[in-house]
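Add 1252 to the 1-based position in the sequence shown for the numbering used here, that's all there is to it.
Glycine is no exception: its CB is placed at the ideal position from the N, C-alpha and C atoms.
Model, not experiment: these values are computed from the prediction.
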Amino acid sequence: MAKIKKIKAREILDSRGNPTIEVKVILENNIQAKAAVPSGASTGKYEALELRDNDARYSGKGVLNVCQNVEKIIAPVLIGQEAEVVKIDQKMLALDNTPDKSNLGANAILGVSLAVARAAAKAAGQPLYEHIREIYDISLSKYILPVPLFNIINGGVHSDSGLDVQEFMLIPVGPKTLREKMRVGAEVFMALKNILEKKGLSFAVGDEGGFAPKLKNTQQAFNLLVAVAEFTKHTLGEEIFFGVDIAASVFYNEKIGKYVFEKRKYSSADMAKIYWGWIKKYPLLFLEDPFNEDDWAPWPLLTKKVEELDQNILVVGDDLFTTNIKRLEKGIANKSTNSILIKLNQIGTLTETMQCIALARKNDYKIIISHRSGETNDSFIADLSVAINADFIKAGAPNRGERVAKYNRLMEIEDELFHIRQWPERK
């Protein structure tokens, strides 16, 4: 294994125009690789800490100090070490020595972690997805590409649409190949634009590339999804399904212990009834963060009821778990969900992410690899999703370059895997 010769960090901009960090790792054989770190808008309180400069630049959001942490503190410890990401991650965790990475910053540590993994893959002459599978000893015989979750209507903190629900997703399960799933997603997205235009609604897009029309309520958003499915002649409940990221922590009022949803106050039991109504009325396959991240009691009740109706419906923990193995252990014991959303920057190293994935797999959880609302053109999560045979991937709408970069990488991987006959159809 080649050793690390140099580590450089620089400040770049993400898809919202906010600064983020890009790390370059150069090996002794002069192989080099880069990784850019994303940032979320709707963040769970238990995520690893992303450091910012908090000065006059960029309204305090600069990351020059984070870059200095990489070059002045992390790099001297890692230079001369073999580019083995597991050991590198362990060294950085020891160097930071805080539970939330508040010393060096999760954004600094993750940038190095991902760049080292990418450089090591190049040095080994392997695609990144193959290298990840090998170094983390993932014993899967075939590669199965994930089903994309297209966020085609943006709400919540991702837009100014006025919708409390953060994401309305299209899930194309009918097509047999990823490329065909992409075609369906793109065609539905284009058709939705035409429908919005005819209705005199805005077709401006939100942070994740989905449309952000001014709508009065969730019902109107679902009606648009139904209309576009019918217009494109895709069979609801067979070829395509819907998904929602409710992001309930955003509209949960801790002072009164209520969910302030669409200008009315609801208990967790009331919210569960609302979700149940959606499930009965629409082909809803995916419910993410239906309750507040600390409101543990209603989660298992909803999950049990949903599974009794249909084992295929996913109740997904994102803010609930924050890719944190301790949070996941509690959720497993509580039978809170049947699925987990995985975000690299929630925990801050590739190795800890893989540990969380392994625990989820061991307990038969469905796994969704996810982007963040503040993204870059880095496509690492595409390779990660293939390496672990993720069930789904969230990378936004089939729109905006930083979203499409992930989908284009997945289609490239599909071409590679078809060529070496390592890609069976996902049922």
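Exposure label - residue i; buried when at least 16 CB within 10 Å
i: Lys1517; result: exposed
i: Thr1487; result: exposed
i: Asp1541; result: buried
i: Thr1555; result: buried
Helix, strand or coil at residue i [DSSP, three-state]
i: Pro1550; result: helix
i: Ile1340; result: helix
i: Lys1428; result: coil
i: Thr1603; result: helix
i: Met1421; result: strand
i: Gln1378; result: coil
i: Thr1491; result: It should be pointed out that residue 1491 corresponds to Glu in this sequence rather than to Thr. It is coil, neither helix nor strand.
i: Arg1655; result: helix
i: Phe1644; result: strand
i: Ile1672; result: coil
Residue i versus residue j - alpha carbon distance
i: Pro1650; j: Val1440; result: 10 Å
i: Ile1526; j: Ile1633; result: 33 Å
i: Val1638; j: Glu1668; result: 12 Å
i: Ala1285; j: Lys1485; result: 44 Å
i: Ile1665; j: Ser1291; result: 25 Å
i: Phe1644; j: Glu1432; result: 15 Å
i: Val1436; j: Val1496; result: 19 Å
i: Glu1419; j: Lys1255; result: 43 Å
i: Asn1359; j: Val1289; result: 6 Å
i: Ile1577; j: Asn1446; result: 44 Å
i: Ile1273; j: Glu1482; result: 43 Å
i: Gln1471; j: Gly1377; result: 51 Å
i: Leu1397; j: Ile1640; result: 9 Å
i: Tyr1511; j: Ser1393; result: 45 Å
i: Trp1530; j: Met1442; result: 25 Å
i: Lys1646; j: Gly1600; result: 19 Å
i: Gln1320; j: Ala1327; result: 10 Å
i: Tyr1395; j: His1671; result: 12 Å
i: Thr1429; j: Phe1402; result: 16 Å
Residue-chain proximity (residue i, chain B), Cβ-Cβ < 7 Å
i: Phe1513; result: The structure shown contains no chain B; it holds only a single protein chain.
Residue i - partner residues in DSSP beta bridges
i: Thr1272; result: Ile1264
i: Gln1284; result: Ile1278
i: Ile1594; result: Ile1621
i: Tyr1511; result: Tyr1504 and Tyr1518
i: Phe1402; result: Leu1422
i: Val1318; result: Answer by DSSP bridge pairing: none, since Val1318 is not bridged.
i: Asp1497; result: Glu1419 and Glu1540
Within the chosen definition, does the region 1616 to 1625 reach the region 1343 to 1363 through at least 3 CB pairs nearer than 8 Å? Verdict: no, contact absent.
Can at least three beta-carbon pairs, one atom from the region 1400 to 1410 and one from the region 1454 to 1473, be found at a separation below 8 Å? By the C-beta criterion, the region 1400 to 1410 is judged to be in contact with the region 1454 to 1473, since at least 3 inter-stretch pairs fall below 8 Å.
For the region 1642 to 1660 against the region 1382 to 1395, do three or more pairs of beta-carbon atoms, one drawn from each stretch, fall closer than 8 Å, so that the two count as touching? No, the region 1642 to 1660 is not in contact with the region 1382 to 1395.
For the region 1443 to 1460 and the region 1488 to 1501, state whether three or more C-beta atom pairs, one from each stretch, are separated by less than 8 Å. No, the region 1443 to 1460 does not touch the region 1488 to 1501.
How do the region 1567 to 1587 and the region 1303 to 1322 stand: do at least 3 beta-carbon pairs fall below 8 Å, yes or no? Not touching, per the Cβ criterion.
The region 1548 to 1555 / the region 1581 to 1588 touching (three or more Cβ pairs under 8 Å): As far as the Cβ criterion goes, the region 1548 to 1555 touches the region 1581 to 1588, which means the pair count is three or higher.
State whether the region 1558 to 1567 contacts the region 1531 to 1538, with contact taken as three or more CB pairs (one from each stretch) at a distance under 8 Å. Yes: at least three Cβ pairs fall under 8 Å.
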